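Undergrad: For our numbering, add 6 to where a residue sits in the sequence shown, where the first one is 1. All C-beta atoms in this analysis are idealised placements derived from N, C-alpha and C, irrespective of residue type, glycine included. Note that the structure is predicted; figures quoted are calculated from it, not measured.
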Amino acid sequence: MAVFLKRRNMNQKILKLENLLRFHTLCRQLHSLGQRRTLAHWRHVFSSPYPVWTAQLYIQPSQTDTLIRTAFSQYRLLVTKKEERPRKSQVSVTKSRKEVEVWIGMTVEELARAMEKDIDYVYEALLNTAIDIDSLEANSCLDDVWIREVVKKAGMKLKWSKLKQDKIKENKDAVRRPHADPALLTPRSPVVTIMGHVDHGKTTLLDKLRKTQVAAMEAGGITQHIGAFLVSLPSGEKITFLDTPGHAAFSAMRARGAQVTDIVILVVAADDGVMKQTVESIQHAKDAQVPIVLAINKCDKAEADPEKVKKELLAYNVVCEDYGGDVQAVHVSALTGDNLMALAEATIALAEMLELKADPTGPVEGTVIESFTDKGKGPVTTAIIQRGTLRKGSVLVAGKSWAKVRLMFDENGKTVNEACPSMPVGIIGWRDLPSAGDEILEVESEPRAREVVNWRKYEQEQEKNKDDLKIIEEKRREHQEAHWKAREKYGSLHWRKRSFKKYQEKKGQNLLKPKEKTERDSNVLPIIIKGDVDGSVEAILNIMDTYDASHECELELVHFGVGDISENDVDLAETFGGVIYGFNVNVGNVLQKSAAKKGVKIKLHKIIYRLIEDLQEELSSRLPSIVEEHPIGKASVLATFSVTEGKKKVPVAGCRVQKGQLERKQKFKLIRNGQVIWKGSLTSLKHHKDDVSIIKTGMDCGLSLDEQKIECQVGDEIVCYEEKEVLAKTSWDPGF
């Protein structure tokens, strides 16, 4: 093959040489012919003895035309071949140009990597452009104008692409079914949420209805989870009750309870009246557009005033039937059980008016009320079924987790075979722990469940990418604005002055000593939160979101989760130098000893506001102590004079102690017209001519300050005080 190509090239060269020689010969012939014609013409004019020869020359123009045509054809052939060669080479260059894939928000480093060049190449390509090379870093984002400029100078082709959105995936999400045919609907039990302020008797009321001792088991007498219970009344009616926490920390859990409920029972203590969480509960009920039944509790108390409660509720558009409204008000006593049946009957009557129905057939739909991790059972959820009938083996999807139902149980822990609409049920079989409030949907198979979960994770990732891109763009814009401001600031200065000014600013930023820098950087509290259920962790995190004292001590959340404290939590706390806070969880003795050896604090609590108080104390302990001044005595200046000590004249103030006593070893300050003009120590304190260490109330003395430039005046006040270090307290107020 190589020999063949070589021969072909040789033949082409020989052919080219022949054409060139032929063209040269034709040019010579044309030249000589032209000379002869010119000579014949002039001989014909000036001497006529040669008529025949000249006539022959003039009667043969075809010979000249033939030569000219042949010459032009040869020239065209040569020129054509010469022009074809660079055109072919241009095509080959165009085909060989490298294609570079770029995107909006691309950094200098990413562009260099895409072009297979080093970062310096990008910098060189941007020289002599409007962009400021000095401000560019490897992670600086480039505008599309500069990306085009660099790629163009590199002689490469540009191809724009969207970041991680090249492939458009088909929506694989699971959604609720359309509304069922009214003919298929059957009556269902009402889902009733009990709401109200903390310690107004919600759990005690429910306890009486269930005839159990839930309230006795609550830590500190406060409900800290959403409890879901099915209560059977003597009349045969069934009501699903949700008991929401009343504490300020559990606002999100109350809102979740209102969203899945049909009726809200608002519990208000007759002796307390309307409180902060009462108002919040009313707002949740209105947002969820559910009717309210008012239960005025603690009516057995002597100081109870039910009418006052009804009047206070008028301000929040809760109008009882006694005042012409549609809200039923029942006077009850959760402690004695008085009138509880009347409250239940009022709830059933309202449910009948609402004509509550559901479709018990088809795929299951529901809502996660609470989720937690059990050592023996794994991830567990408490759910309310809203449509369909849940059975063992059903495949469910909730949020970004899925389950094949392995076991179901009721509020008493008894195994159940199926759960109908409005029934609260515990579900075991989740692969991961879903979040409280997630929607539960049944799908046809496990592969379909994985497909739904993968799609939801993909969607979340896309949203995160969009958010990240927005943040990058904002940072880039801020960087550009700061750069242009800096250019405007230094633009008119000579380079020497500009350098000096930048040096001064940098020096001002580095005034802190290394020790002070370490103290400042160490003023951080890393924490790990572990809770028994998802809702509790959510409530704690919501409280932490209100933290607004980062200027004092930075609060850093290293990790949070559901379940008992593990060895991994201790290792994390050791790595970050943090504290572990556990809420209603346990920690083994071996792990506690291991944590103590590693210097890791583990703080366990069963009441949420105790945990927050502990966190406040820990934050306060990280703050530098405050120096406070405690006055010991006060004296007034009656006269001023000077005494000679050696060759110097020392100013002396003659004073009388008005209050307390003056102690020479303590600190002093001079006050004139209500303003402190000096602080320091005394060089001498004398009573008459004797040096003394203490001057008591009513005694006269002479004293001199350690600052001779400061002179006392008649009427000034001298205050003696001592400095004491006091532990600082964080300014963070979580609101309860």
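Since I believe ASP268 is in contact with LEU117 (beta carbons under 8 Å), could you give me their beta-carbon distance rounded to a whole number of angstroms?
TA: Between LEU117 and ASP268, the beta carbon gap of about 59 Å keeps them out of contact (Cβ cut-off 8 Å).
Undergrad: Counting along the chain, where does the alpha helix (DSSP H) carrying ASP293 start and finish?
TA: 282-294
Undergrad: Just to confirm the assignment, what range does the alpha helix (DSSP H) spanning MET359 have?
TA: 346-360
Undergrad: Quick test of your reading: LYS178 and TRP461, contact by CB under 8 Å. State the CB separation rounded to the nearest angstrom.
TA: 4 Å
Undergrad: So, VAL682 versus LEU691, is the Cβ gap smaller than 7 Å?
TA: no
Undergrad: Would you call the stretch 440-454 in contact with the stretch 374-386, where contact means no fewer than 3 C-beta pairs closer than 8 Å?
TA: Yes, the stretch 440-454 touches the stretch 374-386.
Undergrad: Pull up the DSSP beta-bridge partners for LYS692, would you.
TA: ASP697 and GLY708
Undergrad: Identify whether LYS159 lies in helix, strand or coil by the three-state DSSP scheme.
TA: helix
Undergrad: Does GLY394 pass the burial test, meaning 16 or more other C-beta atoms within 10 Å, or should it be called exposed?
TA: buried
Undergrad: Can you grab the Cα-Cα spacing for the pair VAL336 / CYS326, in whole Å?
TA: 10 Å
Undergrad: Alpha carbon to alpha carbon, how far is GLU450 from TRP109?
TA: 40 Å
Undergrad: Indicate whether LYS660 and ALA641 have their beta-carbon atoms separated by less than 7 Å.
TA: A quick correction: the sequence has Gly, not Lys, at residue 660. No, these two residues do not count as a Cβ contact at 7 Å.
Undergrad: Thinking C-alpha only, which one of ALA160, ILE433, ALA186 and GLN719 is nearest VAL411?
TA: ILE433
Undergrad: Buried or exposed for VAL296, going by 16 or more other Cβ atoms inside 10 Å?
TA: buried
Undergrad: Expressed to the nearest angstrom, what Euclidean distance is found between the alpha-carbon atoms of ARG662 and LYS702?
TA: 9 Å
Undergrad: Is it a yes or a no for the stretch 286-293 touching the stretch 176-191, going by three-plus beta-carbon pairs under 8 Å?
TA: No: fewer than three Cβ pairs fall under 8 Å.
Undergrad: Assign LEU727 to one of three DSSP states: helix, strand, or coil.
TA: The amino acid occupying residue 727 in the given sequence is Tyr; Leu does not appear at that position. Looking at TYR727 - three-state DSSP - the assignment turns out to be strand.
Undergrad: Look up ALA335 in the DSSP assignment and say whether it is helix, strand or coil.
TA: strand
Undergrad: Which same chain residues end up closer than 6 Å to CYS718 when comparing Cβ atoms and leaving out the 5 residues on each side of it in sequence?
TA: VAL643, THR646 and ALA659
Undergrad: Using CA atoms only, rank isn't needed, just tell me which of ILE724, GLN466 and ASP538 is closest to VAL568.
TA: ASP538
Undergrad: Near VAL576, which residues of its chain fall below 6 Å by C-beta distance, leaving aside the five closest residues on each side in sequence?
TA: ALA601 and VAL606
Undergrad: Within this structure, are the beta carbons of LYS244 and ALA276 separated by less than 7 Å?
TA: no
Undergrad: Where do the ends of the beta strand (DSSP E) carrying MET201 lie?
TA: Counting along the chain, the beta strand (DSSP E) containing MET201 begins and ends at 197-202.
Undergrad: Tell me which same chain residues have a C-beta within less than 8 Å of the C-beta of MET112, skipping the five on either side of it?
TA: ALA120, CYS147, LEU148 and ILE153
Undergrad: Which one of THR246, LYS599, ASP722 and LEU212 has the shortest CA to CA distance from ASP782?
TA: What the structure shows of the chain is the stretch from 7 to 742, and residue 782 is not part of that stretch, so it cannot be assessed.
Undergrad: Which stretch, first to last residue, makes up the beta strand (DSSP E) that contains ARG662?
TA: 654-669
Undergrad: Hey, would you say LEU561 sits closer than 7 Å to LEU597, going by beta carbons?
TA: no
Undergrad: Beta carbon of VAL338, beta carbon of ALA364: below 7 Å?
TA: no
Undergrad: Please work out which residues of its chain come closer than 7 Å, Cβ to Cβ, to SER626, disregarding the five sequence neighbours upstream and downstream, and give them in chain order.
TA: LEU733, ALA734, LYS735 and THR736
Undergrad: Give me the DSSP bridge partner(s) of ILE139.
TA: Paired residue(s): none; ILE139 is not in a bridge.
Undergrad: Cβ of VAL591 within 7 Å of Cβ of ILE608?
TA: Remark: C-beta atoms of VAL591 and ILE608 do not approach each other more closely than 7 Å.
Undergrad: Count the other CB atoms, across all protein chains shown, that sit within 10 Å of the CB of HIS203; report buried if there are 16 or more and exposed otherwise.
TA: buried
Undergrad: Taking the straight line between their C-alpha atoms, what separation do you get for GLU623 and GLU573?
TA: 25 Å
Undergrad: How far does the beta strand (DSSP E) with ASN303 in it reach, from first residue to last?
TA: 298-303
Undergrad: How is SER542 classed by DSSP in three states: helix, strand or coil?
TA: In the structure shown, SER542 sits in a helix (DSSP, three-state: H, G or I).
Undergrad: For GLU487, count neighbouring Cβ atoms within 10 angstroms of its own Cβ and tell me buried if that reaches 16, exposed if not.
TA: exposed
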